[in-house]
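Visitor: The numbers in full-length UniProt numbering rise by one with no breaks, and the one at position 227 of the sequence shown is 227.
We put the beta carbon where it would ideally sit given N, CA and C, even for glycine.
Please read all numbers here as calculations on a predicted model, not as lab measurements.
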Amino acid sequence: MTKRSTPFSPEVRERAVRMVFDHQGEHGSQYAAIRSIASKIGCSGETLRELGAAKLSGTEVSKPANHGRARADQGAGAREPRTAAGQRDPQEGQRVFCLGGARPPVADMIAFIDDHRAAYGVEPICKVLPIAPSTYHAHAARRADPGRLPARARSDAALMVEIRRVFEENFHVYGVRKVWRQLGREGVVVARCTVARLMRVMGLQGIVRGRKVRTTIPDLAAPCPLDRVNRQFKAPRPNTLWVSDFTYVATWVGFCLRGLRD
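What follows is the structure in structure tokens.
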């Protein structure tokens, strides 16, 4: 059975190794930094260590016979001419790997391409990032022509207009439940969870009836009582440790103060 070669390009290997050196001081060991960076590019820590074994260890690392293909790939990559500075790699100090599972979120990569396409071009950036140029161009076409958006995106855009209208017509006091019911009375068929999701996206929140009750207002100038038992409330026998506290209990007529001694 033929072993598949690593899918990572020389640019990805070079940047991953550079990130290990940059963030090595933030971890307890070099391998801990390797594992952290490996999770961001979608490989294991051992795979990243093998990809940059010569640079990470300072010397060529001997490997078992079954790693001959990986060693040959590294040698072939080392013989390849380096790309001119700034031609395909982002500038020093910029990071292209971020949290998001096996690869960064598509929205983040598209935003990164939008910010740097004038300097590097779309295709060279897509060779470094795990995203196809067709994916970026498809998103750009959808932004230019909203008619190409998926059905859910078009439905959400139309519902957002109706939700904001109901919210503003009712003096910004309606919450999810009342907005949902008002839309139902107007003949707009939508699920309650969809209204909740879209209101959360738009940052809309209803007003809760009544005022917020704050039961404890600390006096920063007053001295704090001493902790004489060091937060150890277990007593070896009865009548050796007394602890007191008080709290507020909500009732139908308001809050009442309740003291406790144990």
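Using the three-state DSSP reduction, which class does Ser9 fall into: helix, strand or coil?
Guide: Coil at Ser9, not helix or strand.
Visitor: Over what stretch of residues does the alpha helix (DSSP H) that includes Phe112 continue unbroken?
Guide: 106-120
Visitor: Rounded to whole angstroms, what is the Cα-Cα separation between Ala157 and Val189?
Guide: 15 Å
Visitor: How is Gly58 classed by DSSP in three states: helix, strand or coil?
Guide: Low per-residue confidence applies at Gly58: pLDDT is 49, beneath 50, and the placement is therefore not dependable, though the value from the model is reported in the following sentence. Gly58: coil per DSSP, three-state reduction.
Visitor: Relative to the alpha-carbon of Ser39, which residue among Pro104, Arg185, Pro10, Leu149 has its alpha-carbon at the smallest distance?
Guide: Pro104
Visitor: Using three-state DSSP, classify Ser244 as helix, strand or coil.
Guide: In the structure shown, Ser244 sits in a strand (DSSP, three-state: E or B).
Visitor: Rounded to a whole number of angstroms, what is the C-alpha to C-alpha distance between Val179 and Gly210?
Guide: 19 Å
Visitor: According to DSSP, simplified to helix, strand and coil, what is Arg228?
Guide: coil
Visitor: Please classify Tyr136: is it buried, with 16 or more other beta-carbons within 10 angstroms of its beta-carbon, or exposed?
Guide: By the Cβ-count criterion, Tyr136 is buried, with 16 or more other Cβ atoms from all chains shown falling within 10 Å of its own Cβ.
Visitor: Let me know the secondary structure DSSP gives Cys256 once reduced to three states.
Guide: strand
Visitor: With a threshold of 6 Å on Cβ separation, who are the neighbours of Arg192 within its own chain once the five nearest residues in sequence on each side are excluded?
Guide: Trp180
Visitor: Bridge partners for Arg261 per DSSP, in chain order?
Guide: Ser244
Visitor: Just curious, the alpha helix (DSSP H) that Tyr174 is in, first and last residue?
Guide: It is not in any alpha helix (DSSP H) - Tyr174 carries neither H nor E in the DSSP assignment.
Visitor: Can you name, in chain order, every residue of its own chain whose Cβ lies under 8 Å from the Cβ of Tyr31, other than the five neighbours on each side?
Guide: These residues qualify, in order along the chain: Gly45, Arg49.
Visitor: Determine the direct distance from the alpha carbon of Arg152 to that of Phe167, and round the result to whole angstroms.
Guide: 22 Å
Visitor: On the three-state DSSP scale, how would you describe Thr215?
Guide: coil
Visitor: Is the beta carbon of Arg164 closer than 9 Å to that of Leu204?
Guide: yes
Visitor: Tell me the rounded alpha-carbon separation between Gly77 and Arg154.
Guide: With a pLDDT of only 45 at Gly77, under 50, the local geometry of the prediction cannot be trusted, and the value read off the model is given with reservation. Straight-line Cα distance between these residues: approximately 46 Å.
Visitor: Tell me the rounded alpha-carbon separation between Val229 and Trp252.
Guide: C-alpha separation (whole angstroms): 37 Å.
Visitor: Leaving out five residues before and five after Met19 in sequence, what residues of the same chain have Cβ atoms less than 6 Å from its Cβ?
Guide: Ile37
Visitor: Could you check how far apart the C-beta atoms of Leu159 and Thr194 are, in whole angstroms? I think they sit under 8 Å.
Guide: Separation of the CB atoms of Leu159 and Thr194 is rounded to 7 Å, and the pair is thereby assigned contact status at 8 Å.
Visitor: Given this structure, state the Cα-to-Cα distance separating Val106 from Glu14, to the nearest angstrom.
Guide: Between the C-alpha atoms of Val106 and Glu14 there is a straight-line separation of about 22 Å.
Visitor: For Thr247, tell me which candidate among Arg258, Ala222, Gly175 has the shortest Cα-Cα distance.
Guide: Arg258
Visitor: Give the straight-line distance between the Cα atoms of Glu123 and Arg117, rounded to the nearest whole angstrom.
Guide: 9 Å
Visitor: Alpha carbon to alpha carbon, what distance is there between Leu260 and Asp219?
Guide: 22 Å
Visitor: Opposite Ala250 in the DSSP bridges: which residues?
Guide: Answer by DSSP bridge pairing, in chain order: Phe255.
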